[in-house]
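**Q**
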Amino acid sequence: MAVGDIFENEFEAFCDAETGARIERLTPRGAVCHNMRFNQRHVTRDGMFLLYSLERNDMRRICAMNLENGRSVQLTHGRDVADFTGVLSANDRYMYYLQANTVFRLDLLSLLRDRVYAASGPWSIRTFTVSQSGRYLAVTETEGSRVPTFLESSDWTAFSLSPLAPPTSRIVYVDVTTGEANAVLEQKSWIGQAQIRPFHEQTILFCHEGPYDAIDARLWLVEADGTRLRSPREQHRDTIITQEFWWPDGSRVGYYFAQTGPGGTSSLRTVDPDTGEEEIVASCSPYVHCMCGCQGRLIVGDSSGSIEPVHRLERDDGLDVAAMADAEEPGDYIYLVDTLMQREMKLCHHGSTWSLRYGNTQDAHPHPYLSDDGRWVFFTSDCDGKPAVYRVDAGRFLWERLGGDPGDEDAADWGLACTFD
Numbered sequence: 184m185a186v187g188d189i190f191e192n193e194f195e196a197f198c199d200a201e202t203g204a205r206i207e208r209l210t211p212r213g214a215v216c217h218n219m220r221f222n223q224r225h226v227t228r229d230g231m232f233l234l235y236s237l238e239r240n241d242m243r244r245i246c247a248m249n250l251e252n253g254r255s256v257q258l259t260h261g262r263d264v265a266d267f268t269g270v271l272s273a274n275d276r277y278m279y280y281l282q283a284n285t286v287f288r289l290d291l292l293s294l295l296r297d298r299v300y301a302a303s304g305p306w307s308i309r310t311f312t313v314s315q316s317g318r319y320l321a322v323t324e325t326e327g328s329r330v331p332t333f334l335e336s337s338d339w340t341a342f343s344l345s346p347l348a349p350p351t352s353r354i355v356y357v358d359v360t361t362g363e364a365n366a367v368l369e370q371k372s373w374i375g376q377a378q379i380r381p382f383h384e385q386t387i388l389f390c391h392e393g394p395y396d397a398i399d400a401r402l403w404l405v406e407a408d409g410t411r412l413r414s415p416r417e418q419h420r421d422t423i424i425t426q427e428f429w430w431p432d433g434s435r436v437g438y439y440f441a442q443t444g445p446g447g448t449s450s451l452r453t454v455d456p457d458t459g460e461e462e463i464v465a466s467c468s469p470y471v472h473c474m475c476g477c478q479g480r481l482i483v484g485d486s487s488g489s490i491e492p493v494h495r496l497e498r499d500d501g502l503d504v505a506a507m508a509d510a511e512e513p514g515d516y517i518y519l520v521d522t523l524m525q526r527e528m529k530l531c532h533h534g535s536t537w538s539l540r541y542g543n544t545q546d547a548h549p550h551p552y553l554s555d556d557g558r559w560v561f562f563t564s565d566c567d568g569k570p571a572v573y574r575v576d577a578g579r580f581l582w583e584r585l586g587g588d589p590g591d592e593d594a595a596d597w598g599l600a601c602t603f604d
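If you want it as structure tokens, here you go:
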């Protein structure tokens with residue numbers, strides 16, 4: 184298979200047994216497929232095309248799927264493609280991705296690529312994000328010579344032990360237009376994905392990765408010139424803060440919050456990056472991942488059924504699904520949260536085992552993603568064999584939940600809850 188090769192996918196539709204939501208399986212059986220990172224744009228603004236990863240012949244490549252007919256085109260070729268890194272530019276003209284320690288930009292019309300940034304010396308690129316304008320990249324790197332051997336583990340050992348022997352990490356700020364790249368900061372800590380603030384592209388949000396009770400604080404901010412390093416929200420050892428994201432207008436940092444111990448609760452919260460003022464958006468179920476879309480009206484999240492972080496639940500072959508199934512309330516759901524109504528709704532079961540057996544700790548993570556047009560929620564699950572990509576008709580689901588006629592053809596074109604009063 185080569186860049187530009189076209190192949191067909193057949194969709195399989197069914198309804199969720201509990202919620203009635205309409206779900207479609209988009210990718211083939213027998214092959215490991217997954218969507219991209221849940222906090223990076225991988226569906227075009229018109230909802231027509233999806234970036235996803237496909238594994239064939241022991242090689243992973245990123246592809247783009249036409250969501251009307253299932254026809255896909257291969258976008259990458261060769262080994263060392265970081266198969267979760269595909270991200271679309273704001274105008275949907277380009278895809279950025281990581282391969283062989285280099286960030287490339289692929290022109291989706293010509294399928295020609297150019298090199299945007301390559302790590303040098305001992306540095307290895309872990310993740311990167313693209314600014315809203317498409318001009319800047321925030322690249323997270325680790326110094327390979329100082330990464331302890333156990334941190335290269337393919338299971339969750341690295342996450343649990345990383346605060347005990349942290350590698351040297353840094354954030355590099357890249358101007359795509361000029362090619363200029365500057366190191367923003369360098370720390371002996373496990374720096375997680377750096378995210379550039381929408382409409383304020385000189386401010387970067389990043390995190391200190393590691394178990395909640397072993398890090399100083401999860402949330403951190405820094406300016407692109409390396410100044411004003413600060414944590415907008417202090418963190419106590421009995422508090423879980425994770426899956427941070429920028430509000431679409433850049434006004435707030437959103438995140439999942441949970442209090443551990445007996446009677447612990449969980450919620451979605453925001454903090455003002457300038458004042459540190461915190462706001463509770465809504466109570467929620469225990470989420471592993473979450474992201475905000477639809478101009479800040481809706482948040483989508485997934486659950487493993489426990490307030491414990493997933494790395495503590497996960498075994499070599501996945502979560503203890505049998506034990507979870509015996510619980511009074513199974514937790515394998517995708518949820519929608521309406522931030523104005525402060526209401527959480529079960530959208531569907533995802534049924535994923537969260538298994539590690541497919542080659543990457545993230546392969547069977549649902550990673551739910553809400554399309555820009557508010558119509559669809561995409562997620563990954565191995566509920567029917569190997570990991571596959573699914574989409575849920577969230578627009579129709581909400582139309583019916585809010586009193587619309589289930590048989591109304593207009594429901595299919597109805598924008599998600601962000602469009603109603």
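In case it helps, my numbering puts the sequence shown at residues 184 to 604. All C-beta atoms, glycine included, are put in the ideal place defined by N, C-alpha and C.
Please list the terminal residues of the continuous beta strand (DSSP E) segment that includes Trp582.
**A** By 1-based counting over the sequence shown, the position of residue 582 is 399. Per DSSP, Trp582 belongs to no beta strand (DSSP E); it is in the alpha helix (DSSP H), 577-584.
**Q** Are three or more beta carbon pairs between the region 561-576 and the region 522-539 nearer than 8 Å?
**A** With contact defined as three or more Cβ pairs closer than 8 Å, the region 561-576 and the region 522-539 are in contact.
**Q** Within this structure, are the beta carbons of His548 and His472 separated by less than 8 Å?
**A** By 1-based counting over the sequence shown, the position of residue 548 is 365. By 1-based counting over the sequence shown, the position of residue 472 is 289. Closer than 8 Å, so yes.
**Q** Please identify the residue among Met474, Ile354, Arg416, Cys531 whose C-alpha is closest to the C-alpha of Phe197.
**A** Translated into positions along the sequence shown, residue 197 becomes position 14. Ranking the options by Cα distance to Phe197, first place goes to Cys531.
**Q** Under a three-way DSSP split, which group does Gly476 fall into?
**A** What you label residue 476 is simply residue 293 of the sequence shown in a count that begins at 1. Correct three-state label for Gly476: strand.
**Q** Tell whether a beta-carbon distance below 8 Å holds between Tyr438 and Tyr470.
**A** Along the sequence shown, read from residue 1 onward, the residue named residue 438 stands at position 255. Along the sequence shown, read from residue 1 onward, the residue named residue 470 stands at position 287. At the C-beta level, Tyr438 and Tyr470 stay beyond 8 Å of one another.
**Q** Taking DSSP's pairing of strands, which residues face Leu402 in a bridge?
**A** If you number the sequence shown from 1, residue 402 lands on position 219. Answer is Cys390, bridged to Leu402.
**Q** Whose CA, out of Glu461, Asp455, Ser450, lies closest to the CA of Ser468?
**A** Looking up residue 468 in the sequence shown gives position 285. The candidate whose alpha carbon is nearest that of Ser468 is Ser450.
**Q** Tell me which residue opens and which closes the beta strand (DSSP E) that Phe311 is part of.
**A** If you number the sequence shown from 1, residue 311 lands on position 128. Run containing Phe311: 306-313, per the beta strand (DSSP E) assignment.
**Q** Can the beta-carbon of Leu368 be found less than 8 Å from the beta-carbon of Arg380?
**A** The residue you call residue 368 lines up with position 185 of the sequence shown. The residue you call residue 380 lines up with position 197 of the sequence shown. The Cβ-Cβ distance between Leu368 and Arg380 does not fall below 8 Å.
**Q** Using DSSP bridges, identify the partner residues of Met528.
**A** For the purposes of this step, residue 528 is identified with residue 345 of the sequence shown, where counting begins at 1. Bridge partners of Met528: Leu519.
**Q** Give the DSSP bridge partners of Phe382, in chain order.
**A** Counting from 1 along the sequence shown, the entry for residue 382 is found at position 199. None, per the DSSP bridge assignment.
**Q** Reducing DSSP to helix, strand and coil, say where Gly514 ends up.
**A** Position 331 of the sequence shown, counted from the start, is the residue given in the question as residue 514. Coil, per DSSP.
**Q** Quick one: what does DSSP say Gly437 is sitting in, helix, strand or coil?
**A** Residue mapping note: residue 437 aligns to position 254 of the sequence shown, counting from 1. Residue state, collapsed to three classes: strand.
**Q** Is it true that the CB of His260 sits closer than 8 Å to the CB of Val215?
**A** Taking the sequence shown and counting its residues from 1, the one referred to as residue 215 is at position 32. Taking the sequence shown and counting its residues from 1, the one referred to as residue 260 is at position 77. Cβ distance not < 8 Å, so Val215 and His260 don't count as in contact.
**Q** Using only the alpha-carbon positions, how far apart do Gly213 and Lys569 sit?
**A** If you number the sequence shown from 1, residue 213 lands on position 30. If you number the sequence shown from 1, residue 569 lands on position 386. Going from the Cα of Gly213 to the Cα of Lys569 covers about 6 Å.
**Q** Please check the pair Phe221 and Leu250, which I expect to be a contact at CB under 8 Å, by giving their CB distance rounded to whole angstroms.
**A** Residue numbering aside, residue 221 sits at position 38 when the sequence shown is read from its first letter. Residue numbering aside, residue 250 sits at position 67 when the sequence shown is read from its first letter. Rounded, the Cβ-Cβ distance is 18 Å, inconsistent with contact.
**Q** In whole angstroms, what separates the C-alpha of Tyr356 from that of Val405?
**A** Translated into positions along the sequence shown, residue 356 becomes position 173. Translated into positions along the sequence shown, residue 405 becomes position 222. Cα-Cα distance, rounded: 11 Å.
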